[in-house]
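What follows is a short report on a single structure.
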Ligand code: ZN
């Protein structure tokens, strides 16, 4: 990562995250907060093609200080959600992902996603291997900006979480700076995918394993039984 300015970092991360499927179809987004300024990609654009001059510069209240020369652009629809993480958690960067694994886990859980005893849990600040990692899930709304109140309530209710999942939509993930937000985002996406794959094996990622081995429902002593029974 050679990028130096916040604008250059956003452009570089958008390309990386596009490759991971987190910001395809103009969805998702990234915002950075640095030196009393907030930097944000525009709304509804192909995130892998944005350039530094497309990035909005705002004050910490959301007032636009520098708008892109291209007047057909508008600030990210996610702006009020990014600002919730800045205000309530003193975040330095927020990543909004439409990653498939983030969307799919919201179909399997009610109020929260949970998993335990997976090494990548340690990548989320304040969590150890034996902890249960929880991520609140809020229901989606027709317009992204209307999610802000629900997201604020979820952030308050789950003080250890560095993410909020949005049902049938995606996830917001933050960190103290963009480096930590990126690490958190990679770990969360890994854990979401791990829990989905474990569920396909009949293993509940939230269940404390017996002696390190997964409890497979319908199996004996950790034996994995293919769907439909033994071959
Ligand atoms: Zn979205």
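Residue numbers (this note's numbering): 50 to 280.
Note that CB positions come from ideal geometry on N, CA and C, so glycine has one too.
Computed from a predicted model, the values in this text were never measured in an experiment.
Proximity winner among the options, relative to residue i (alpha-carbon distances)
i: residue 40; options: 101, 78, 235 and 216; result: In the structure displayed, the chain extends from 50 to 280; residue 40 sits before or after that span and is not available.
i: residue 203; options: 133, 144 and 166; result: 133
i: residue 126; options: 191, 242 and 167; result: 191
i: residue 89; options: 258, 170 and 135; result: 135
Residue i - DSSP class collapsed to helix/strand/coil
i: residue 186; result: strand
i: residue 252; result: strand
i: residue 55; result: helix
i: residue 145; result: strand
i: residue 210; result: coil
i: residue 223; result: strand
i: residue 86; result: strand
i: residue 75; result: helix
i: residue 257; result: coil
i: residue 94; result: coil
i: residue 62; result: helix
i: residue 245; result: helix
i: residue 69; result: coil
Straight-line gap, residue i to residue j (C-alpha atoms, nearest Å)
i: residue 254; j: residue 151; result: 15 Å
i: residue 232; j: residue 157; result: 24 Å
i: residue 197; j: residue 207; result: 15 Å
i: residue 141; j: residue 58; result: 13 Å
i: residue 98; j: residue 78; result: 13 Å
i: residue 159; j: residue 199; result: 15 Å
i: residue 226; j: residue 249; result: 35 Å
i: residue 246; j: residue 66; result: 22 Å
i: residue 223; j: residue 173; result: 10 Å
i: residue 112; j: residue 95; result: 24 Å
i: residue 229; j: residue 259; result: 32 Å
i: residue 131; j: residue 210; result: 15 Å
i: residue 102; j: residue 256; result: 48 Å
i: residue 297; j: residue 176; result: An answer regarding residue 297 cannot be provided, because it is not within the stretch 50 to 280 covered by the chain.
i: residue 54; j: residue 153; result: 34 Å
i: residue 114; j: residue 86; result: 9 Å
i: residue 214; j: residue 145; result: 10 Å
i: residue 205; j: residue 117; result: 34 Å
i: residue 171; j: residue 148; result: 21 Å
i: residue 164; j: residue 240; result: 8 Å
i: residue 189; j: residue 110; result: 25 Å
i: residue 280; j: residue 121; result: Here the model assigns residue 280 a pLDDT of 44, short of 50, so the residue's position is not dependable, and the following value carries that caveat. The alpha-carbon atoms of residue 280 and residue 121 are separated by roughly 60 Å.
Check: residue i C-beta below 6 Å from any heavy atom of the ligand GTP
i: residue 74; result: Looking at this structure, you won't find the ligand GTP anywhere; what it does contain is the ligand ZN.
Burial state of residue i (16 or more Cβ within 10 Å)
i: residue 195; result: exposed
i: residue 278; result: In this prediction, residue 278 scores a pLDDT of 49, lower than 50, which makes its location untrustworthy; no coordinate-derived value is stated.
i: residue 84; result: exposed
i: residue 286; result: This structure cannot speak to residue 286, because the chain is shown only from 50 to 280.
i: residue 30; result: The shown model of the chain, from 50 to 280, leaves out residue 30, and the question about it has no answer.
i: residue 29; result: Beyond the ends of the chain as shown, which are 50 and 280, falls residue 29; an answer cannot be given.
i: residue 183; result: buried
i: residue 62; result: buried
i: residue 68; result: exposed
Note down, one range per segment and in chain order, each alpha helix (DSSP H) of at least 4 residues found wholly within the stretch 100 to 172. Given a length threshold of 4 residues, each whole run of the alpha helix (DSSP H) inside the stretch 100 to 172 is given here in chain order: 128 to 138 and 149 to 154.
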